[in-house]
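Protein chains: 2
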Amino acid sequence: MNKPKEERSAISPRRGENYPEWYQQVIKAADLAEVSPVRGCMVIKPWGYAIWENIQAVLDRMFKETGHVNAYFPLLIPKSFLEKEAEHVEGFAKECAVVTHHRLEAGPDGKGLVPAGELEEPLIIRPTSETIIGASYAKWVQSYRDLPILVNQWANVMRWEMRTRMFLRTAEFLWQEGHTVHATAKEAMEETLKMLDVYSTFANDYMAMPVIKGEKTPGERFPGAVNTYTIEAMMQDRKALQAGTSHFLGQNFAKASEIKFLSAEGKEEIAWTTSWGVSTRLIGGLIMTHSDDDGLVLPPRLAPKHVVINPIFRNDDERKTVMEYCERLRRDLSELHFGEDRLGTTRLQVWLDDRDLRGGDKTWQHIKKGIPVRLEIGPRDIQNDSVFMGRRDLTPRDKKSVERGELLSTIVSTLNEIQDNLHHRALETRKANTKTIDTWNDFEEFFGKGGDEESTQGGFALSHWSADPADAAAIDAKLKPLKVTARCVPLDPVALGATDSGKCIFTGKPSKQRVIFAKAY
Amino acid sequence: MNKPKEERSAISPRRGENYPEWYQQVIKAADLAEVSPVRGCMVIKPWGYAIWENIQAVLDRMFKETGHVNAYFPLLIPKSFLEKEAEHVEGFAKECAVVTHHRLEAGPDGKGLVPAGELEEPLIIRPTSETIIGASYAKWVQSYRDLPILVNQWANVMRWEMRTRMFLRTAEFLWQEGHTVHATAKEAMEETLKMLDVYSTFANDYMAMPVIKGEKTPGERFPGAVNTYTIEAMMQDRKALQAGTSHFLGQNFAKASEIKFLSAEGKEEIAWTTSWGVSTRLIGGLIMTHSDDDGLVLPPRLAPKHVVINPIFRNDDERKTVMEYCERLRRDLSELHFGEDRLGTTRLQVWLDDRDLRGGDKTWQHIKKGIPVRLEIGPRDIQNDSVFMGRRDLTPRDKKSVERGELLSTIVSTLNEIQDNLHHRALETRKANTKTIDTWNDFEEFFGKGGDEESTQGGFALSHWSADPADAAAIDAKLKPLKVTARCVPLDPVALGATDSGKCIFTGKPSKQRVIFAKAY
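Okay, structure coming up:
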């Protein structure tokens, strides 16, 4: 039995039926990525990589505007480097790819190849680069005149994850890691928070993904950091996604790497460092914030193509007329400016899809790829000098005829409107699923204790929490069965209406501020 | 005893004294890169990386203009993949980084960390990605409608080199690798040569580095390729540098990876593939083509900064006046357009160097960093509304006063003139050191047999050569003591005045065309 038309969707299962499987199917339908023959690694396909290129272009410009430069450090880290910083060892030197040989030789039976040339010291594929970059910085920094050092690296990193999910958690992933050195704690802290702001601005203004800036509780800190700050986003299944982090590392790594400098007064001092990063995980966040049961929905400011033109014709005569009209429209649209890149502005990206496929098949591909605006143009439209327009923030059937001149004069504002709509919707979803919760009973119920795990994700619980380290283990033990973690202490509780003081819901001790709790990716 | 002033130079030793050491000192003085604690790997410092970013921006635009898109494939390749293509195994599966474990555990004595979690199949850090990309393409390609596939990847790769030299030959290096799939041999060959043209245009027009396009002789081919094409440049020590290669892979890799498609006639066919790449080695070529005894010389179109302003003052009063004037000039210059990036045009990049250093020290730093145009501005210049200008293609003392208005109206043409000068000089050097050589005796003498190896590099010898495979081993044996190799069979012998036929200087057999021989990096 067929479903009634309005219940059909391009992606099966739907979000409400099986969210994790829906996520995989959206990726497949949009042709973003695929699993690779190497366990836990993915292949980022052209459409997915184009989104990453747009993310890179905007962030790179923002990093440079805040005074940073790029550099590149080695992929491999000597084992002894990872052993330098005690907490860092615990956190990172565990599940990682270890290079032990530098040659392959013919096997003993003459067939196949076997590892040979064993290394004296094993090398680790970087899980993050604090230690190897620290070794360079120790050389670069001699005097206070050499500070600050404001460097970013775009790179691949590797963490041998057991359970992987495309974009969200893969063994190899692409990211940027900023590593800065400062003369004072104050400057290093300012840098840490400045970059958190850059991430927050990027998430809100480009990804149309509302985020909450906050500080991680001690148990959730980056290994070796003094303070870890985060931007936390709510996905459509009400789970949290840590979308970016900025770490104030104090003098921990500077001590381990011996980054010292002579102050203006001629005194040897230990420097203060920070690190901050976002990764291809952002694409996972993008998917889970906006996409729907028909596939990917891209915020226009990060879409590789803003507009797609679908020419409709039945014979060669029509083909000629339609293609000429479409090509002229493509040219005119491509002259317009939308969004921005390193130079602050860029051309509207228009795809005239002239592939030899059925028009309807193309339309569904365009929908599943998340292209913000679709134009269908056939002989009758041309007679009226108009096009048939669909918007990805509306339903597939919600299309309208637009006069050509009007299209050209309104397309940029339409794209901005779509961008704003997506942000607004995501913010409404978050607001609707954020609750102040003041008792342990309500907390358990919110996160669906005993209920169906997958369908009862809860949302963001704003609850009072005692910062007393003595209680950390007991609180963790209570949270673990619920699969809930402390996401962050919000930096701006006023915006969340969570400024009151109260009592810790776990211990009853006095608490000055609410913490966000959620299930998380 | 001090040398007379005109004999002093910023880099010691000079090129004529010790070319390899001069090369290292130029890199150090320009702050381009440094050795890392990991054997054979380098750290690319911000000034060096900024040059790579400019190289990337221009090439990426050229790739996209020729219809290519970017994607990303796994860093690690299963050992069995490298074993698939027989010649490829021979060429690549030798000196490479082998990952054998996926964990570090506390050592048996409780101290330190040791590799654990041995992998069932070792993984290789990609030395090049034909095999792993082929595995994806086998899935992507089903029908002739899926072709061509035109994909490029920007990535790090690793080859365990024994003798390394910064930028020219390092264990890890950055590169791009294009991998395309076509329905016919003809299309694949067109692609191969089209990308060779892209490389040649880039080398000439952006790097100001003249190159000769040619085909590699069988002994110098990429392992597994049917034909390898190259762009060969002459360095200032008259050695050749292979600056980029483009490979017609025939059906070799398509067979190994099973990249098959249904033709329009419904027949299963094996696809045709190409690959092409350039790397951070280009930066080595840039250095050795243009730099002089005072350090790096950058072609303006790839310089991270086109103009540097050096404010000169003796007290706080002068400081205020001078800095205001310089800041205004910086702003005005920054409004101008020079060169191009992905959008086809970009702003003039101006650095107002306000660091708290002596003016003379700064000037030498600017020279050693290769900045095309230097402006010195002091109170007296401001009175005349003029600046003191030095050009990196002239000597450090060859400076002149330029009226401010004239500077603004001529700076772009000055930069273009510098760009042209650098290309012209390099071309003259190559012409002066390229000889048609018709006897083995002259050949031996040209390459300094018995002479001082380092100072007698010869140059490019254009000599007749028999393509008979039966002679290959004997010819190699004659060339080896001279450390000379066949660089390429030029694609455009007319341009080199080498169109005559003759007799192979090694075998006396008839030869239709001259081959370029040289010592090489």
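If you're matching them up, the sequences are chains A and B in order.
Following our numbering, the numbering of the first sequence begins with 1 at its first residue and continues without gaps.
Following our numbering, the numbering of the second sequence begins with 1001 at its first residue and continues without gaps.
Think of the CB as a built atom: it goes at the ideal place given N, C-alpha and C, for glycine as much as any other residue.
Chain A contact residues for residue i, given Cβ-Cβ distances below 8 Å
{"i": "R1103 (chain B)", "result": "K94, E95, C96, V98 and W160"}
{"i": "S1036 (chain B)", "result": "F73, P74, I132, A135 and S136"}
{"i": "E1172 (chain B)", "result": "P74, L75 and L76"}
Distance, residue j Cα to residue i Cα
{"i": "L113 (chain A)", "j": "V1099 (chain B)", "result": "14 Å"}
{"i": "W1465 (chain B)", "j": "A1520 (chain B)", "result": "18 Å"}
{"i": "A1486 (chain B)", "j": "L1479 (chain B)", "result": "9 Å"}
{"i": "L1302 (chain B)", "j": "Q1349 (chain B)", "result": "11 Å"}
{"i": "D1500 (chain B)", "j": "K1435 (chain B)", "result": "14 Å"}
{"i": "A29 (chain A)", "j": "W1276 (chain B)", "result": "30 Å"}
{"i": "N1441 (chain B)", "j": "G1497 (chain B)", "result": "22 Å"}
{"i": "T346 (chain A)", "j": "H337 (chain A)", "result": "5 Å"}
{"i": "F523 (chain A)", "j": "A183 (chain A)", "result": "Outside the shown range of chain A (1 to 521) lies residue 523 (chain A), about which nothing can therefore be said."}
{"i": "Q365 (chain A)", "j": "L32 (chain A)", "result": "12 Å"}
{"i": "K1449 (chain B)", "j": "L1482 (chain B)", "result": "7 Å"}
{"i": "M1195 (chain B)", "j": "G1458 (chain B)", "result": "30 Å"}
{"i": "P490 (chain A)", "j": "M166 (chain A)", "result": "29 Å"}
{"i": "Y23 (chain A)", "j": "Y206 (chain A)", "result": "21 Å"}
{"i": "Q513 (chain A)", "j": "G502 (chain A)", "result": "8 Å"}
{"i": "I437 (chain A)", "j": "V515 (chain A)", "result": "10 Å"}
{"i": "K1299 (chain B)", "j": "T1245 (chain B)", "result": "With the sequence shown as reference, residue 1299 (chain B) is identified as Pro, and Lys is not the correct amino acid for it. Distance between the alpha carbons of P1299 (chain B) and T1245 (chain B): 22 Å."}
{"i": "R103 (chain A)", "j": "I1287 (chain B)", "result": "31 Å"}
{"i": "A1171 (chain B)", "j": "P469 (chain A)", "result": "46 Å"}
{"i": "R1061 (chain B)", "j": "M1158 (chain B)", "result": "26 Å"}
{"i": "A1010 (chain B)", "j": "A1208 (chain B)", "result": "23 Å"}
{"i": "V412 (chain A)", "j": "E1105 (chain B)", "result": "56 Å"}
{"i": "I51 (chain A)", "j": "P304 (chain A)", "result": "6 Å"}
{"i": "D317 (chain A)", "j": "R404 (chain A)", "result": "22 Å"}
Per-residue contacts from residue i into chain B (C-beta, under 9 Å)
{"i": "G112 (chain A)", "result": "K1079, S1080 and E1083"}
{"i": "K64 (chain A)", "result": "Near K64 (chain A) there are no residues of chain B at all, since even the closest Cβ is about 10 Å away, more than 9 Å."}
Beta-carbon proximity list for residue i, same chain, < 7 Å, skipping 5 on both sides
{"i": "L1343 (chain B)", "result": "Interpretation of L1343 (chain B) is limited by its pLDDT of 45, a score under 50 that renders its predicted location unreliable; no figure is taken from the coordinates."}
{"i": "Y137 (chain A)", "result": "I149, V181, S257 and I259"}
{"i": "H101 (chain A)", "result": "P115, A116, G117, E118 and L119"}
{"i": "R1015 (chain B)", "result": "W1022, Q1236 and D1293"}
{"i": "L1168 (chain B)", "result": "R1281, G1284 and Y1521"}
{"i": "P1127 (chain B)", "result": "F1092, C1096, V1157, M1158 and R1159"}
Cutoff 6 Å; reference residue i; Cβ partners in own chain excluding five residues on either side
{"i": "D566 (chain A)", "result": "Past the boundaries of the shown model lies residue 566 (chain A); chain A is included only from 1 to 521, so the question cannot be answered."}
{"i": "C1504 (chain B)", "result": "H1464, W1465, S1466 and S1511"}
{"i": "Y19 (chain A)", "result": "D237"}
Contact list for residue i against chain B, beta-carbon separation under 8 Å
{"i": "A50 (chain A)", "result": "V1069 and N1070"}
{"i": "P127 (chain A)", "result": "Residues of chain B passing the Cβ test: none, with the nearest at roughly 10 Å."}
{"i": "C41 (chain A)", "result": "P1074, L1075 and L1076"}
Residues that residue i contacts on chain B, provided the C-beta gap is smaller than 7 Å
{"i": "E523 (chain A)", "result": "With chain A covering only 1 through 521, there is no way to say anything about residue 523 (chain A)."}
{"i": "V181 (chain A)", "result": "By Cβ distance, chain B contributes nothing, its closest Cβ being about 13 Å from V181 (chain A), past 7 Å."}
{"i": "V151 (chain A)", "result": "P1046"}
Contact set between residue i and chain A, taken where Cβ atoms lie within less than 7 Å
{"i": "I1044 (chain B)", "result": "A71 and Y72"}
{"i": "L1123 (chain B)", "result": "V38"}
{"i": "P1115 (chain B)", "result": "V98, T100 and P122"}
8 Å Cβ shell around residue i - same chain, five flanking residues per side excluded
{"i": "I377 (chain A)", "result": "I309, N310, P311, I312, V322, Y325, C326, L329, V387 and F388"}
{"i": "P108 (chain A)", "result": "V114"}
{"i": "I382 (chain A)", "result": "T321, V322 and Y325"}
Partners in chain A for residue i, counting only beta-carbon separations shorter than 9 Å
{"i": "P1311 (chain B)", "result": "Under the 9 Å cutoff, chain A gives no residues; its nearest Cβ is about 17 Å from P1311 (chain B)."}
{"i": "N1156 (chain B)", "result": "Y72, L75, A155 and N156"}
Those runs of the alpha helix (DSSP H) which lie wholly inside the stretch 1103 to 1167 of chain B and span at least 4 residues | Those alpha helix (DSSP H) runs which fall completely within the stretch 1103 to 1167 of chain B and span 4+ residues are 1130 to 1140.
Please specify which runs of the beta strand (DSSP E), each continuous and at least 3 residues long, are wholly inside the stretch 227 to 272 of chain A, giving them in chain order.
-> Annotation note: the stretch 227 to 272 of chain A contains the following uninterrupted beta strand (DSSP E) runs of length 3 or greater, listed N- to C-terminal: 227 to 234, 240 to 248, 260 to 262 and 268 to 270.
Please name the residues in the stretch 260 to 284 of chain A whose beta-carbon is closer than 7 Å to at least one beta-carbon of chain B, in chain order.
-> Near chain B, meaning a CB-to-CB distance below 7 Å, no residue of the stretch 260 to 284 of chain A qualifies.
Taking the runs of the beta strand (DSSP E) that are 3 residues or longer, which of them lie wholly in the stretch 1284 to 1350 of chain B?
-> With a minimum length of 3 residues, the unbroken runs of beta strand (DSSP E) contained wholly in the stretch 1284 to 1350 of chain B fall at 1307 to 1311.
3-residue-minimum beta strand (DSSP E) runs that sit fully inside the stretch 1061 to 1085 of chain B, ordered along the chain = Listed in chain order, the complete beta strand (DSSP E) runs (minimum 3 residues) inside the stretch 1061 to 1085 of chain B are 1076 to 1078.
Which parts of the stretch 358 to 396 of chain A are runs of the beta strand (DSSP E), unbroken and 3 residues or longer, counting only runs that do not cross its ends?
-> Whole beta strand (DSSP E) segments, 3+ residues: 373 to 377 and 386 to 391.
What runs of the beta strand (DSSP E), each 3 residues or longer, lie entirely inside the stretch 1395 to 1423 of chain B?
-> For the stretch 1395 to 1423 of chain B, whole beta strand (DSSP E) runs of length 3 or above, ordered along the chain, are 1399 to 1403.
Report the residues of the stretch 1472 to 1502 of chain B with a CB closer than 9 Å to any CB of chain A, ordered along the chain.
-> For the stretch 1472 to 1502 of chain B, there are no residues whose beta carbon sits under 9 Å from a beta carbon of chain A.
Curious, which full-length beta strand (DSSP E) runs of at least 3 residues does the stretch 1168 to 1230 of chain B contain?
-> Complete beta strand (DSSP E) runs here, min 3: 1172 to 1182 and 1212 to 1215.
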